[in-house]
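Here is the structure we will look at.
2 protein chains.
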Amino acid sequence: MPFRARRPIMFALVGDSGAGKSTLARGCADILGADRVTQISLDDYHALDRAARTATGLTALHPDSSHLALMGQHARLLRNGETIFKPVYDHADGTFGRPQFVRPGAIVLVNGLHGLFTPELRSLWDVSVFLDPAPELRAAWKIKRDTATRGYDEAEVRQELEARRRDAEAFITPQRERADIVIAFRPPADHGRTNDDARLDVRIRIAHPIPLPDLDDLFAGETARFLRMERGTIGADVVEIDGGLSDAATQVVEDRIWKHMPAARHLRSARLGAFLDVGGERRSNPLAVTQLLLTYYLVKASALAEKQEQLADGIATAARAS
Amino acid sequence: MPFRARRPIMFALVGDSGAGKSTLARGCADILGADRVTQISLDDYHALDRAARTATGLTALHPDSSHLALMGQHARLLRNGETIFKPVYDHADGTFGRPQFVRPGAIVLVNGLHGLFTPELRSLWDVSVFLDPAPELRAAWKIKRDTATRGYDEAEVRQELEARRRDAEAFITPQRERADIVIAFRPPADHGRTNDDARLDVRIRIAHPIPLPDLDDLFAGETARFLRMERGTIGADVVEIDGGLSDAATQVVEDRIWKHMPAARHLRSARLGAFLDVGGERRSNPLAVTQLLLTYYLVKASALAEKQEQLADGIATAARAS
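If you read the sequences in order, they're chains G and H. This note's numbering numbers the first residue of the first sequence as 1105 and each following residue consecutively. This note's numbering numbers the first residue of the second sequence as 1105 and each following residue consecutively.
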């Protein structure tokens, strides 16, 4: 049975602003059951409000503009099952709101800019994911979101993207090498014509310390046209999902992945692959499969954490008995 | 050398509202050096603001009106040398203010209503003190303070004292038995005539697990008229300080106690025994000696904590070497 480890399973989604962290997190939380997932945005750990960042010229990407030690402390406490008293940052106006108490559910899903920045943070995740979309996709996504919900206009967002480029390269991108899983969304060859976020290619790199999913059947038969797996020999395997993934093939892939999560099957009603586009919510097959694959890893990680605890308990019991 | 332990020394002052916690804490912090002492008021961990307490009828003495688990978590983090992000309660208007980051100094001095309420809290203090003034003194002190600085009138404070009596007996007083040290201020026989807070008798009960101060010379010679020590056989020693303690005897006592704290002698400029009375700040000899004795215990506790750490390090080193 998944998700029975006595401590929360800790899951981190890391990436630059506009990389798609919230969209992916929302999908995973839906699959896992919103009532069991505690979502934490590390933006709440900003050390400066928007006005102070403007005044100092320090971008939100710079580690000095985040309370990294407090992030680590709180992630450690959550992993230990403890309720935290945490700051709250309000993106609508760029100020700090009233702090909140947050109790960890069975799964803690953390997303933010610096989730893999410090050794302490890196030590706390059961699974960490770095989102690495093509730069032109990220720019378009960030413009879409920041103009719709954060009160910026397009010129301001483009200016901010430009101003942050150096800090992104210095502080955000290097975290990619620390992640268990790297997810890269890429425009397919015909993207210039369709410009459709629902049909992006996906490349998923999985570092070897994570146990490989037992999903060989995905890469054979009718779905092999859209999904490829390269078994890496030096540290990582790669799964590639074709942006043109058909509805029928998606259905087959979903059936197969759910088959490997029997204890979570009651969650199948989850609405997968949803994302916010200019016209409202839409659905993407490659995103749906990506969300489901990630969730599958979390289920695996949960079972692994439980086994490790049982092993540790067994050793401790044996030691006491001897 | 005192105060060299690598973790902060944790000191708790517990007692009912108006028991004199702040006055005693201020004096100890002055002696120890304000720059090395981090003061925490557990009132900041109120779960309800003043309006909510009024609406629900829950007093601040009731454990449900405090975030006891957060107190324990934060005390544990401070003891571990970590900075905390803590709530702030504003007594001036009874609301919550902006939370604060607090970094522990060499000494953490915590005062509050529930500092000995939970097993976790009790396990974290190097020295704990319960303040137990005579009820009529506490009432007078609380009226003096709450009318001067908290916006109440005398009738309101008397009504509050009456309303809180049951909760005080149920939740605050029992903590007395958990404290290492109990300090009881009592009006001397002639108090009715002079009504002078500067000349109160003091009775200090010291539980045995705390090492006895090496201060026998205090209880002999010219100061024996004012100070008595009863060596207890069943769990506690008692020091009694006569409210009529003269300036000359106070000077002798101070000289002797400071002699036992050579490494802290540069702190002798501290202004001891100060308390706020209606007419402004005044000075009390018994309070000065009480503050100095308490500080002496803290210095002892610090040396003890350091020895324990050295011992633990030694054992760990020996274990690694074998």
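Each residue gets a CB set at the ideal place from its N, CA and C atoms; glycine is no exception. Computed from a predicted model, the values in this text were never measured in an experiment.
Ignore the nearest five residues each way along the sequence and tell me which others in residue i's own chain have a CB closer than 8 Å to its CB.
| i | result |
| --- | --- |
| ARG1140 of chain G | PHE1107, GLY1209, ALA1210, ILE1211 |
| ARG1282 of chain H | LEU1220, ARG1226, SER1232, PHE1234 |
| ARG1262 of chain G | ALA1243, ILE1247 |
| VAL1423 of chain H | Checking the displayed sequence, the identity of residue 1423 of chain H turns out to be Ala instead of Val. Excluding sequence neighbours, ALA1423 of chain H sits near nothing in its chain. |
| PRO1292 of chain H | ARG1303, LEU1304, ASP1305, ASP1346, GLY1347, GLY1348 |
Can you pull the chain G neighbours of residue i, defined as C-beta to C-beta under 9 Å?
| i | result |
| --- | --- |
| GLN1177 of chain H | LEU1181, GLU1186, THR1187, ILE1188, PHE1189 |
Quick check on DSSP: helix, strand or coil for residue i?
| i | result |
| --- | --- |
| HIS1364 of chain H | coil |
| GLU1186 of chain G | coil |
| MET1105 of chain G | Confidence at MET1105 of chain G is low in this model, with a pLDDT of 39, below 50, so its placement is unreliable and the value that follows should be read with caution. Of the three classes helix, strand and coil, the one that applies to MET1105 of chain G here is coil, per DSSP. |
| THR1163 of chain G | coil |
| PHE1289 of chain G | strand |
| ALA1151 of chain H | coil |
| VAL1393 of chain G | helix |
| LEU1117 of chain G | strand |
| PHE1330 of chain G | coil |
| ARG1307 of chain G | strand |
| ARG1375 of chain G | coil |
| ARG1335 of chain G | coil |
| VAL1403 of chain G | helix |
| ALA1409 of chain H | helix |
| LEU1380 of chain G | strand |
| SER1126 of chain H | helix |
| GLN1414 of chain H | helix |
| ALA1196 of chain H | coil |
| ALA1353 of chain G | helix |
| ARG1387 of chain G | strand |
| LEU1213 of chain G | strand |
| ALA1138 of chain H | helix |
| ALA1340 of chain H | strand |
| ALA1422 of chain H | helix |
Could you list which residues in chain H have their beta carbon closer than 8 Å to that of residue i, in chain order?
| i | result |
| --- | --- |
| LEU1228 of chain G | Chain H residues near LEU1228 of chain G: none, gap ~15 Å exceeds 8 Å. |
For residue i, go through chain G and note every residue whose CB falls closer than 8 Å to its CB, in chain order.
| i | result |
| --- | --- |
| PRO1203 of chain H | PHE1189, PRO1191, PRO1203 |
Name, please, each residue of chain H whose Cβ falls closer than 7 Å to the Cβ of residue i.
| i | result |
| --- | --- |
| ALA1173 of chain G | THR1187 |
Between residue i and chain A, is any beta-carbon pair separated by less than 8 Å?
| i | result |
| --- | --- |
| VAL1212 of chain H | Any reference to chain A falls outside this structure, whose protein chains are G and H. |
By Cβ distance below 7 Å, which residues in the same chain neighbour residue i in space, the five residues on each side in sequence not counted?
| i | result |
| --- | --- |
| SER1145 of chain H | ASN1215, GLY1216 |
| ARG1290 of chain H | ALA1238, LEU1304, ASP1305, ARG1307 |
| ARG1280 of chain G | PHE1234, ASP1236, VAL1286 |
| LEU1174 of chain H | TYR1149 |
| LEU1162 of chain H | LEU1152, ASP1168, SER1169 |
| ALA1405 of chain G | ILE1113, ASP1230, VAL1231 |
| THR1399 of chain G | CYS1132, ILE1135, LEU1136 |
| ALA1272 of chain H | ASP1120, LEU1165 |
| ALA1378 of chain H | GLY1131, GLU1385, ARG1387 |
| PRO1191 of chain H | ASP1148, TYR1149, PHE1200, PRO1203 |
Going by beta carbon distance, what residues of the same chain come within less than 6 Å of residue i, once the five residues before and after it are set aside?
| i | result |
| --- | --- |
| HIS1195 of chain H | ARG1254 |
| ALA1250 of chain H | What sits at residue 1250 of chain H in the sequence shown is Asp, not Ala. Around ASP1250 of chain H: TYR1256, VAL1261. |
| PHE1330 of chain G | ASP1346, LEU1349, ALA1353 |
| GLU1344 of chain H | ARG1307, ARG1332 |
| GLU1069 of chain G | With chain G covering 1105 to 1426 only, the question about residue 1069 of chain G has no answer from this structure. |
| GLU1224 of chain G | GLY1176 |
| SER1126 of chain G | none |
Confirm the yes/no value for this check: CB of residue i, any heavy atom of the ligand FAD, distance under 7 Å.
| i | result |
| --- | --- |
| LYS1363 of chain G | Absence of the ligand FAD is noted for the structure shown, with no ligands found whatsoever. |
Specify whether the segment 1138 to 1155 of chain H and the segment 1257 to 1265 of chain H touch according to this definition: at least 3 beta carbon pairs, one from each stretch, less than 8 Å apart. Segments in contact, no.
Which runs of the beta strand (DSSP E) fall wholly inside the segment 1217 to 1280 of chain H and span at least 3 residues, in chain order? Entirely contained in the segment 1217 to 1280 of chain H, the beta strand (DSSP E) runs reaching 3 residues are, in chain order, 1231 to 1235.
Evaluate the contact criterion for the segment 1383 to 1396 of chain G versus the segment 1342 to 1360 of chain G: three or more CB pairs, one atom per stretch, below 8 Å. The segment 1383 to 1396 of chain G vs the segment 1342 to 1360 of chain G: in contact.
Could you tell me whether the segment 1225 to 1244 of chain H touches the segment 1112 to 1130 of chain H, where touching means 3 or more Cβ pairs closer than 8 Å? In the pairwise beta carbon analysis, the segment 1225 to 1244 of chain H is classified as touching the segment 1112 to 1130 of chain H: at least three pairs are separated by under 8 Å.
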